[in-house]
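Mapping the sequence shown onto our numbering, position 75 (from 1) lands on 232, and the numbers just tick up by one.
The beta-carbon is built from N, C-alpha and C at its ideal position, and this holds for glycine as well.
In this text the structure is predicted, and so the values were computed from the model without any measurement.
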Amino acid sequence: MIWTNLSISLCVMSVFYIITSELLLAFPKLDLMRGVLAAILMALGTAGWFVGRHRARQRQRAETGSGPRPPLGLDLRYWGVMSVVLAGLSFFVQPLRHRQPADATAPTAPLTPASPPVLAEVPPPPAVTNPPVVFPALNIQGCILGKNESVVIIDGRSYGVGDQVQGLTVKSITRAGVMMEKDGQRKTYEVE
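1. Which full runs of the beta strand (DSSP E) of 3+ residues lie inside the region 312-345, going along the chain?
2. Cβ atoms of residue 205 and residue 246: under 8 angstroms apart, would you say?
3. Could you round the C-beta distance between residue 348 and residue 301 to whole angstroms and report it? I think they count as a contact, below 8 angstroms.
4. I'd like to confirm the pairing. Which residues does DSSP put opposite residue 169 in its beta bridges?
5. Taking residue 187 and residue 180 to be in contact with their CB atoms under 8 angstroms, please state how far apart those CB atoms are, rounded to whole angstroms.
6. Residue 299 lies in the beta strand (DSSP E); which residues open and close that run?
7. Mapping DSSP to helix, strand and coil, what is residue 179?
8. Alpha carbon to alpha carbon, how far is residue 324 from residue 342? Give it in angstroms, no decimals.
9. Taking only the alpha-carbon atoms, compute the straight-line gap between residue 290 and residue 326 and give it to the nearest angstrom.
10. Excluding the 5 residues preceding and the 5 following residue 307 in the sequence, name in chain order all residues of the same chain whose CB lies nearer than 6 angstroms to its CB.
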């Protein structure tokens, strides 16, 4: 008898798993509702178990002898426990197969007779890569920081932010060095 009950329980859990996974595949928003589904199953299971126990006690009091037990499919105590187990199982259900993404190359609007069919997409032209910028060697002799204006001394001459030095633009001056820019690329020179 116990093996029959166990096999029926495994079949119920398998059917629940398959149905739930197919529903998750068809309706992905249900995945957000797992907690609600588990709470409903837990509440139904607990209520069913208590009602089943109450009915079994009433039946036992009404009968003087021990009569046959109700079939497993009609016993609310069994379905109460199964609902609690299914509530826990609902957190582990995953879709059995993955949803196929929509074809991104398919046209979104139907073709009209006036428009020619699209045969193939033309790939975009290759991106032009700029060669790396070569920064010249500079002799940074010192940096003077002021409240309003800072100055860097390069090869005996002073330069401020925004000045040009050998094709480079002075971007910022700090105590440790100066940041220079050329063709959108930047390099920091340290005080020697």
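So, from the listed chains and residues:
1. Listed in chain order, the complete beta strand (DSSP E) runs (minimum 3 residues) inside the region 312-345 are 314-316, 325-330 and 334-339.
2. Residue 246 is not a Cβ neighbour of residue 205, given a cutoff of 8 angstroms.
3. That pair is no contact at about 11 angstroms.
4. Bridge partners of residue 169: none, in fact.
5. Contact holds; Cβ gap of about 6 angstroms.
6. 297-301 is the span of the beta strand (DSSP E), which, as asked, contains residue 299.
7. Looking at residue 179 - three-state DSSP - the assignment turns out to be helix.
8. CA-CA distance, residue 342 to residue 324, rounds to 12 angstroms.
9. Put simply, the backbone Cα of residue 290 is about 13 angstroms away from that of residue 326.
10. Setting aside the 5 residues that flank it on each side, residue 307 is surrounded in the same chain by 330, each with a C-beta closer than 6 angstroms to its C-beta; the list follows chain order.
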